[in-house]
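Have a look at the structure below before the remarks.
Chains as they are written, first to last, in my numbering: chain A, 20 to 135; chain B, 464 to 579.
Take a look at the structure:
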């Protein structure tokens, strides 16, 4: 089956620090990979995505590269801000060959706390 | 504004009292889905729908029903809620997409349900 493993949080950083949140996956078939962000009291928002090996997704200073050889999709940001404090979810999607189902399989989430 | 809306946002109910959580999207998306979010487990898919009158079970469908009579609406029905259904629920929608494409899903703000 499909699964996503994320580093456990919370991750606490000072403003302007470098961020890495690790994500590895197992998948049957060729997945698309996503990072979603959930701010307090809100729903999930797509942060970035990658659809094939070596693709780099980027948005708002965050980046992640689809590494097929290591089955990883680590999230990075060079300089975090207090406003980046949120829960980050790594996810994958593989289209079902018979049903077309395309559930997102999520990791358990990593809480990021950025201190001024 | 393109969005997915859910109602109610918060609900406290008692065991066995039927309830419905509504979900509506204005993006003309074919695919809609319900997830529940529980601490340490990430999000898990309950049911999904590939189009009007086409629904199927996700990973955790027990105790839930859905219907898709119109393209924009996808209500979640709990016929006889139990305390283990206390959770945060998210509705999501996306285009059908093409094979190999990134199946980006758009999420509603969430419904926090407590069953006593």
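Here a beta-carbon is modelled for each residue, glycine too, at the ideal position from N, C-alpha and C. Just so we're clear, the structure is a prediction, and the values are computed from it rather than from any experiment.
At least one CB atom of chain B sits nearer than 8 Å to the CB of residue 63/A. Residues are counted here when their Cβ sits less than 7 Å from a Cβ of chain A; for the stretch 500-518 of chain B these are 503, 504, 505, 506, 508, 511 and 513, given in chain order. At a cut-off of 8 Å, the C-beta of residue 122/A has a neighbouring C-beta in chain B.
Under the three-state reduction of DSSP, residue 134/A is assigned to strand.
By a beta-carbon distance limit of 8 Å, residue 111/A contacts residue 44/A. Their separation comes to about 5 Å. Residue burial annotation: residue 480/B is exposed, with fewer than 16 other C-beta atoms found within 10 angstroms of its C-beta.
The continuous beta strand (DSSP E) containing residue 499/B extends over residues 494-501.
Within chain B, the residues whose beta carbon sits less than 8 Å from that of residue 128/A are 505, listed in sequence order.
Residue 98/A and residue 39/A have their alpha carbons spaced roughly 11 Å apart. For a cut-off of 8 Å, the C-beta gap from residue 557/B to residue 569/B is around 7 Å, short enough to register as a contact. Within chain B, the residues placing a beta-carbon under 8 Å from that of residue 108/A are 505 and 506, ordered along the chain. In the DSSP assignment, residue 32/A falls within the unbroken beta strand (DSSP E) covering 30-33. Of all residues in the stretch 44-69 of chain A, those with a C-beta nearer than 9 Å to a C-beta of chain B are 49, 51, 52, 53, 55, 57, 60, 61, 62, 63, 64, 65, 68 and 69, reading in chain order.
Here residue 571/B is near residue 554/B, since their CB atoms are less than 8 Å apart.
Assignment of residue 529/B by DSSP, reduced to helix, strand and coil, places it in the strand class. Within the same chain, and ignoring the five residues on either side of residue 82/A in sequence, the residues whose Cβ sits closer than 8 Å to its Cβ are 67, 75, 76, 94, 95 and 96. Cβ proximity to chain B below 8 Å picks out nothing from the stretch 77-100 of chain A. Using a 10 angstroms sphere on the CB of residue 33/A, the tally of other CB atoms stays under 16, which defines it as exposed.
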